[in-house]
Amino acid sequence: MGEEKSQPILLSLIKRVLVAETDNLEQLTAMVGLNLADDFTAADLSYTDLSQARLMAADFRGTDFRGANLQGANLCNADLRGADFSRANLSMSHFRSANLQGVSLGGADLRGIRLDGANVRDGDLSGADLRGADVRKTDLTGVNLSEAKLGGAYLQGAKLRGANLGSAILSRANLQGTNFIRAHLGGADLRCVDLSYANLSRAELSEANLKGAKLRGTNLKGADLSLADMTQVCLIRANLSY
69 MGEEKSQPIL
79 LSLIKRVLVA
89 ETDNLEQLTA
99 MVGLNLADDF
109 TAADLSYTDL
119 SQARLMAADF
129 RGTDFRGANL
139 QGANLCNADL
149 RGADFSRANL
159 SMSHFRSANL
169 QGVSLGGADL
179 RGIRLDGANV
189 RDGDLSGADL
199 RGADVRKTDL
209 TGVNLSEAKL
219 GGAYLQGAKL
229 RGANLGSAIL
239 SRANLQGTNF
249 IRAHLGGADL
259 RCVDLSYANL
269 SRAELSEANL
279 KGAKLRGTNL
289 KGADLSLADM
299 TQVCLIRANL
309 SY
């Protein structure tokens, strides 16, 4: 973003955009003389109110959204690589097919968020609240989800290879067909989750709570299940070889 645009000026321009009677992002940015590719990259939008904003396909690489309110916002297909959403409110927002690689979402409110098909590789979501989130077919390879809340979330077909979910809460989440190869799930709450046909080979599940979980056809080859609670677990056709 050019140095001549201070945060107050930028916020004034954004307010004009939000009250405009058009959803066309190209028209909106032209209205205030901005270019998304140049004027929002690495911008400081911390603690701003962007609730319900329509920012599809925008370029927000490296932008500071710390503590911002983006409740219900639409950022589908946006480029958000390296952006910082720490402690931001993103509940009920839409990030379908967005590029969030390396993003910071630590402690963010992501309840009911739609991240289906998004790229969140190597992101930090530690302590984030993703209860009821739609994370189907999302690339979460190598992400940090330690102590995150994912109760009731939809993660079917998501890629979590090498991810850190230590002490995360995933009770009643749908994890069918999810890739957890070499993921860390030590101490995680996996009560009543559906892990049918998921791949947990070489995953670390020590001291995890799997009580009542469905592991039908699940690949657990080489997984560490030491001290895990397997009470009433369904293991029909599961692969438990070492």
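Residue numbering for the sequence shown follows our numbering, beginning at 69 and increasing consecutively.
Glycine is no exception: its CB is placed at the ideal position from the N, C-alpha and C atoms.
To the nearest angstrom, how far is it from the Cα of residue i to the Cα of residue j?
{"i": "C260", "j": "G101", "result": "53 Å"}
{"i": "V125", "j": "C144", "result": "This sequence places Ala at residue 125; Val is not what is there. So the two alpha carbons sit approximately 6 Å from each other."}
{"i": "H252", "j": "A216", "result": "13 Å"}
{"i": "T109", "j": "T131", "result": "6 Å"}
{"i": "S114", "j": "A121", "result": "15 Å"}
{"i": "T209", "j": "R270", "result": "15 Å"}
{"i": "R250", "j": "K227", "result": "11 Å"}
{"i": "D262", "j": "A306", "result": "13 Å"}
{"i": "L238", "j": "L308", "result": "22 Å"}
{"i": "G150", "j": "S264", "result": "33 Å"}
{"i": "D192", "j": "L218", "result": "14 Å"}
{"i": "G185", "j": "R84", "result": "31 Å"}
Using DSSP bridges, identify the partner residues of residue i.
{"i": "D190", "result": "Bridge partners of D190: none, in fact."}
{"i": "S294", "result": "Bridge partners of S294: none, in fact."}
{"i": "K83", "result": "Answer is none; K83 lacks a bridge partner."}
{"i": "R122", "result": "N142"}
{"i": "E272", "result": "H252, D292"}
{"i": "C302", "result": "K282"}
{"i": "I181", "result": "Looking at the DSSP assignment, I181 forms no beta bridge with any residue, so it has no partner."}
{"i": "Y310", "result": "Paired residues: none, contrary to the question."}
{"i": "K205", "result": "None, per the DSSP bridge assignment."}
Is the beta carbon of residue i less than 8 Å from the beta carbon of residue j?
{"i": "L258", "j": "N242", "result": "no"}
{"i": "D152", "j": "F128", "result": "no"}
{"i": "A221", "j": "A196", "result": "no"}
{"i": "A291", "j": "L268", "result": "yes"}
{"i": "R179", "j": "R199", "result": "yes"}
{"i": "K282", "j": "D297", "result": "no"}
Establish whether the CB of residue i and some CB of chain B are separated by less than 8 Å.
{"i": "K282", "result": "The chain labelled as chain B is not found in the depicted structure, where only one protein chain is given."}
Under the rule that 16 or more other beta-carbon atoms within 10 Å means buried, what is residue i, buried or exposed?
{"i": "V87", "result": "exposed"}
{"i": "T286", "result": "buried"}
{"i": "E71", "result": "Because E71 carries a pLDDT of 47, less than 50, the predicted location of this residue cannot be relied on, and no value is offered for it."}
{"i": "I304", "result": "exposed"}
{"i": "L295", "result": "exposed"}
{"i": "S159", "result": "buried"}
{"i": "T299", "result": "exposed"}
{"i": "I181", "result": "buried"}
Going by the C-beta, is residue i closer than 7 Å to any heavy atom of the ligand GTP?
{"i": "I237", "result": "Absent from the structure shown: the ligand GTP. Ligands present: none."}
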